[in-house]
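Report on the following structure.
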Amino acid sequence: MTHALGTIGRRELPGGPAGSRRRPGLVWAGILALLAGACALWAFSLRRIDLAAISDYGLISSLPATFLLALALLSVSFLLALHAERLPEAVLLAHVVALVLILYGTGPLLYETPRLSWTYKHIGVAEYIQRTGGVEPSISIYFNWPGFFALAALFNQIAGLDSALAYAGWSHVFFELAFVGALLLLFRALSADRRVTWLAIWLFFVTNWVAPDYFAPQSLAYLLYLTLFGLLLNWFKVRGEIDEATVARWRVPRRLVPLAHRLVGYPEHDGAPNAGATPARRVGVMLIVIVLFATIVATHQLTPLVAFLCFAMIVLAARSRALGLPALMAVLTLAWYFYPAFPYTQDELYRFVLPFGRIGENLDRNLADLAAVSDGRAFVALTCRALTLSVWALAVVGAVRRFRAGHADVSCFALAFVPLVLPLLQPYEGEMLFRVYMFTLPFMVWLAAAAIYPSAATPTTRLTTGLAGVLCGLALAAFLIAYYGNERTNYFTADELAAAEWIYEDAPPRSLIVMGSFNSPMEYRDFERHSIVTLAGLDEFRERAPGPADLVEVERVMRWAPSSYLLVTRSQIEYVDLFRPLPAGSLTNLEEALRGSDRFKVAFENRDARVYVLTEP
Amino acid sequence: MDNHTFRRLWIWPAILVASSALAAWAVTLPGPGLVRPLAAFWFLLVCPGMAFVPLLGIGDRLVALTLGIALSLSLGVLVALGMLGLGVWSATLGLRILIGVSLAGAALQLLIPLAARATGRRRVVEAEPARQRGAAESGPAPSITEGATRQ
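Structure, rendered in C-alpha cells:
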C-alpha cells in the first residue's frame, strides 16, 4: 500500500539525499561501523561511571570521556545516515534506538532500584489495587484517575508479581522506545521529507528533558496522546486549499468571508496523501481514537483537557473532518470529572478555578528561586530554561521558514502553541511549565527541524548538514545536564530501599513514618496503612535548621501515632542540600542530635539509611 | 492467493492464537519465574491491539506495532477499569476477556478478507457474460482479495 505511512526498510521518500553521491557502499559501511563503535564505547563506559562521584551538576560530572565520545560518534553517524543516498530507513531507526538506549537506558542499567521517588508511590497505588481489588478515592487523587494503576495491577497479577518494583525502573526505556513509532506516525502526517521526520525524531530525544517516561499515568497518557494525534492527522486531515465558497457555507457573515478565507484558506502541510484512508477504515480508526481518548480520560487529569483544546482548535481552523470529535472529547472529560472523579472534583474545584487568569502567580509557582538553591542546582535549572527557550525560538524560526516556503502547518501550530495558554489557567502544583514543554515538544522540534529543511525542495548542502550537526550537538550537551542534572537525588541505593522494607515489615498498621524530606523510596507497598509526614513540610522547621533544641518538637510529631519511625536516608540529605527545603546540612545536624539523645534510638541502620524510634513509645 | 498474500493473511491470527494459548498456560505456572512475566508482558502489550490494527492496512510495521501497543494498553486499561467499576476484580477474568478480544480480532482478520474474496468471485462470475461481450473495453477484472488484504 502506498500512503503517508511509508514502509521502513524498503521505501524511498522524497526530500532525500543529495550528499554522498560517490561510492554509497563505502558510506553505508562507514555509518554502520560508527554505529557499532558508538554502542561498544557506551557499553565499555558503563562500568566506569562512579555514582558516588555525582556532583551538584548531575550525572555528567561522573561520566567518562568514552561515554561522551560514544554520543559524538553516534551523532556523526546519524547525520551521515540522514543524508546518505538510498539508505534504508531501518538504519536511521537503529540510530534512534541506540540513542534512546544510551540516553534513557544508562540510568536503569546503573541503578539497583527505580529512579525518582514518585515511581515508588505509583508502584504502591498499583499494589493497593492488586491487593484489595478496589480503589479508594478519598485516600489519594491517584484513585480518581486509576487507569494506569489498574493496568499495572492487572499485569502484576497475571505475571505473578507482588508489585511493579521489579520492572518499574525500565519504564524510561519502554516509553521512550514506544514514542519512536508514535512520532513517526505524527511526523509523516506533517511532511513526506524524511530529513525533517528523522531529524525531528532525533531532536525530540535530545531535548526531552522533562521526559514523561517514568512509571506514571502521565507517561501512558502521553504515549496515547501522541498516537491519537498521529491517527487524527493521518486519517482525518483536510488537505489542499479551502476556497471562498466553502468558507461562505460556514455561515460566516458575508463581509467577513474574505478575511476568514485568508485565515484558513491555505494549503495544509505537505504530508503524503494517505491512500489507505477509505471510509470503512476511517470508521475503524475513529473507533480506535475514541478508545484511546477514553483511556486518557480515565488515566490522567490534565492530558484530556490539552487534547481537547488542541483538537478543537484544529477543527475550528477547518483542518480536520472529524467535526464531532471535540464535542465527544468534552463530554467524556466532563463525565469523568463529574462522576468517577467527583470526590476529587467536589473538593478541589475551587482550587482548580481560583488560579484562572493569574498568570504571574502561576508562573512564579513554576519557576524555582535560583538564589535559594545550590550553585550546581541553579546551573542545571538555567540550562533547562535555556534549552526550553531555544527549542521554542527555533520552532518559531521554522514556522516562519515553512510559511515562506508556501506551507501553513495549521494543525502543527495548534498542537505546538495552544498548550502555551495552560499557565494562564493553572499552576498545576508548580509543574505546569514542565507539562507545557512536554505537550508542545514533538511539534516544536518538528518545526525546529523544518527551520533547516523548510521544504522538500530545500537542497542538502554542507551548510544544512553543519547546522543540523551544531543543533544536535548543543541540544545533546544541554540534555545531559538537564535530564540527569538532579541525579544525586533521583536515584536510590539498595540500602535505602532495604531501610524502607524494614519499616514496612516492622510497622503495625496506622504507624507514622517521619522523614526529613519526601525524597525517599517509600509508599511502594501498604499505601493506605501508614501516614507519612516530612520535617521539611512542617511549619515548625520551615526555613530554619532543626537542631538539638528541636528534638522535643520531633518527638511531639512522632507521638501523633502509637507507633512511629523516623527515617533519614542518603537521598533525603542530598535533596535537602540540593533543593534547600531546609537549610543545607540540616539533616546531618539533626542526626547528630538524635544519636546524642536518650529519647531516641537507632532501630535499623545501614550505609545509606537510618531508622530512629522513640526509646519510650 | 499467492504465498505472500497467504502469509500476510494468516500471520497475525496465528500469532494471536499462539500468544493467547501461551498466556493462558503461563498464568497457571507457580510463582513469577521468567516465562510467566514475559508471556504476560507480550500478550498484554501486543495482542489485544494487534487483533484489530492489521485491519487498517498500515504499511509500516513499526507504526502498526506502535498503534497495536497503544491500543493493547488502552484495552487493558478499559478491561481493568470495568472490573474495578463492577467490583469483580480478577486477573483470571481480565485475562479471559482480553484473550476473547484477541481471538475475536484474529477471526475478523481472517473472515473479512475471505468474505471479500468470496464476494469478489461472485461479482466476477456475474460480470463474466457482460465481460465476454465487451472484452476489448473492460480489461482484466480487479482482484478484490488482493485489495482487501493489502497491508
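Sequence lines, in order, name chains X and V. Everything in the first sequence is counted per our numbering, starting at 1 for the first residue and increasing by one. Everything in the second sequence is counted per our numbering, starting at 618 for the first residue and increasing by one. Ideal Cβ positions, reconstructed from N, Cα and C, are used throughout, including at glycine.
**Report entry** Sequence-distant residues of the same chain with beta carbon closer than 7 Å to Phe229/X, five excluded per side
**Finding:** Closer than 7 Å at Cβ, skipping near neighbours: Leu186 and Leu415.
Query raised in the report: Going along the chain, which residues of its own chain have a beta-carbon closer than 7 Å to the beta-carbon of Leu614/X, five neighbours each way excluded?
Result: Taken in chain order, the residues that qualify are Glu555, Met558, Ser564, Arg599 and Phe600.
Query raised in the report: Under 7 Å Cβ-Cβ, which residues of chain V neighbour Gly618/X?
Result: Look at the range of chain X in this structure, 1 to 617, and you will see that residue 618/X is not part of it.
Report task. Give every residue of the same chain whose Cβ lies closer than 6 Å to the Cβ of Ile31/X, excluding the five residues on either side of it in the sequence, and list them in chain order. Result -> The beta carbon of Ile31/X sits closer than 6 Å to the beta carbons of Ser77, Leu80 and Ala81 from its chain, once the five residues preceding and following it are set aside; these are given in chain order.
Query raised in the report: Do we get a CB-CB distance below 8 Å when we pair Thr295/X with the residues of chain V?
Result: With 8 Å as the cut-off, Thr295/X counts as an interface residue toward chain V.
Report task. Compare the C-beta of Val663/V against all C-beta atoms of chain X and say whether one is closer than 8 Å. Result -> So no, Val663/V is outside the interface.
Query - DSSP-derived helix/strand/coil call for Glu176/X - result: Here Glu176/X sits in helix by DSSP.
Report task. Taking Thr106/X as the reference, give the member of Leu480/X, Ala372/X and Val180/X with the closest Cα. Result -> Looking from the CA of Thr106/X, the closest CA among Leu480/X, Ala372/X and Val180/X belongs to Leu480/X.
Query raised in the report: Mind checking Ser320/X: buried by the 16 CB within 10 Å criterion, or exposed?
Result: By the 10 Å Cβ count, Ser320/X comes out buried.
Query raised in the report: Using the C-alpha atoms, what's the distance from Asp409/X back to Leu420/X?
Result: Rounded to whole angstroms, the gap between the alpha carbons of Leu420/X and Asp409/X is 17 Å.
Query - Cutoff 8 Å: Ala150/X Cβ touching any chain V Cβ - result: Taking a beta-carbon distance threshold of 8 Å, Ala150/X counts as an interface residue toward chain V.
Query raised in the report: Just by C-beta distance, which residues in the stretch 710-743 of chain V are closer than 7 Å to chain X?
Result: Within the stretch 710-743 of chain V, the residues whose Cβ lies closer than 7 Å to some Cβ of chain X are Gly711 and Leu712, listed in chain order.
Requested in this report: Just tell me which of Ala245/X, Trp118/X and Arg580/X has its CA closest to the CA of Gln218/X.
Outcome: Looking at the Cα atoms, Trp118/X is the closest of the given residues.
Query raised in the report: Does Gly124/X come within less than 8 Å of chain V when only Cβ atoms are used?
Result: So no, Gly124/X is outside the interface.
Query raised in the report: Where DSSP assigns a beta bridge to Ser55/X, which residues make up the other side?
Result: Looking at the DSSP output, Ser55/X sits in a beta bridge with Gly58/X.
Query raised in the report: Per DSSP, what kind of secondary structure is Leu199/X in: helix, strand or coil?
Result: DSSP places Leu199/X in helix when its eight states are reduced to three.
Query - 7 Å Cβ shell around Val210/X - same chain, five flanking residues per side excluded - result: So the list reads Phe434, Tyr437 and Met438, once near-sequence residues are dropped.
Requested in this report: Just the chain X side, please: which residues come within less than 8 Å of Thr645/V by C-beta, in chain order?
Outcome: Proximity of chain X to Thr645/V at the Cβ level (cut-off 8 Å) is not reached, the minimal Cβ distance being about 10 Å.
Report task. Examine chain X for any beta-carbon lying closer than 8 Å to the beta-carbon of Ser637/V, and answer yes or no. Result -> Not a single CB atom of chain X sits nearer than 8 Å to the CB of Ser637/V.
Query raised in the report: What residues in the stretch 579-604 of chain X have a beta carbon less than 9 Å from any beta carbon of chain V?
Result: Flagged: no residues at all.
Query - Buried or exposed by the 16-neighbour rule on C-beta atoms within 10 Å, applied to Thr383/X - result: So Thr383/X counts as buried.
Query - Three-state class that DSSP yields for Arg570/X in the structure shown - result: Three-state result, Arg570/X: helix.
Query raised in the report: What residue does the alpha helix (DSSP H) around Tyr337/X start on, and which one ends it?
Result: Leu325 to Phe338 is the span of the alpha helix (DSSP H), which, as asked, contains Tyr337/X.
Query raised in the report: Got a sec, what are the start and stop residues for the beta strand (DSSP E) Tyr612/X sits in?
Result: Following the DSSP letters along the chain, one finds Tyr612/X inside the beta strand (DSSP E) bounded by residues Ala609 to Leu614.
Requested in this report: Excluding the 5 residues preceding and the 5 following Val285/X in the sequence, name in chain order all residues of the same chain whose CB lies nearer than 7 Å to its CB.
Outcome: Contacts found: Leu231 and Trp235.
Report task. Quick one: give me the first and last residue of the beta strand (DSSP E) that Glu605/X is part of. Result -> Phe600 to Glu605 is the span of the beta strand (DSSP E), which, as asked, contains Glu605/X.
Requested in this report: Report all residues from its chain with a CB closer than 8 Å to the CB of Ile573/X; omit the five preceding and five following residues, and keep chain order.
Outcome: Cβ neighbours of Ile573/X beyond the five flanking positions: Gly516, Leu587 and Thr588.
Query raised in the report: Which chain V residues sit within Cβ distance under 8 Å of Ala182/X?
Result: Per Cβ cutoff of 8 Å: Thr683 and Ala687.
Report task. May I have a chain-ordered list of the beta strand (DSSP E) segments no shorter than 3 residues that lie completely inside the stretch 430-494 of chain X? Result -> Within the stretch 430-494 of chain X, no complete beta strand (DSSP E) run reaches 3 residues.
Query - Nonlocal neighbours in the same chain, by C-beta distance under 6 Å from Met313/X, ignoring five residues either side - result: In its chain, beyond the 5 residues on either side, Ala414 and Val418 have a beta carbon closer than 6 Å to the beta carbon of Met313/X.
Query raised in the report: Interface residues of chain X around Leu651/V at Cβ under 9 Å?
Result: The contact set of Leu651/V on chain X, defined by CB atoms closer than 9 Å, is empty, because the minimum CB distance reaches about 10 Å.
Query - Presumed contact (8 Å Cβ cut-off) between Gly169/X and Thr113/X, rounded CB distance - result: With a Cβ gap of about 7 Å, Gly169/X and Thr113/X count as contacting.
**Report entry** Cross-chain neighbours of Gln301/X in chain V, by beta carbon under 8 Å
**Finding:** Ordered by position in chain V, no residue passes the 8 Å Cβ test against Gln301/X, which lies about 15 Å from the chain.
Query - Under the three-state DSSP convention, the category Leu512/X falls into - result: Correct three-state label for Leu512/X: strand.
Requested in this report: With 7 Å as the limit, tell me which residues of the stretch 154-185 of chain X have their beta carbon closer than that to any beta carbon of chain V; keep them in chain order.
Outcome: Of all residues in the stretch 154-185 of chain X, those with a C-beta nearer than 7 Å to a C-beta of chain V are Leu154, Phe155, Gln157, Ile158, Ala159, Gly160, Leu161, Ala178, Gly181, Ala182, Leu184 and Leu185, reading in chain order.
Query raised in the report: Taking 8 Å as the CB-CB limit, is Trp659/V close to chain X?
Result: Under the Cβ criterion of 8 Å, Trp659/V is not counted among the residues facing chain X.
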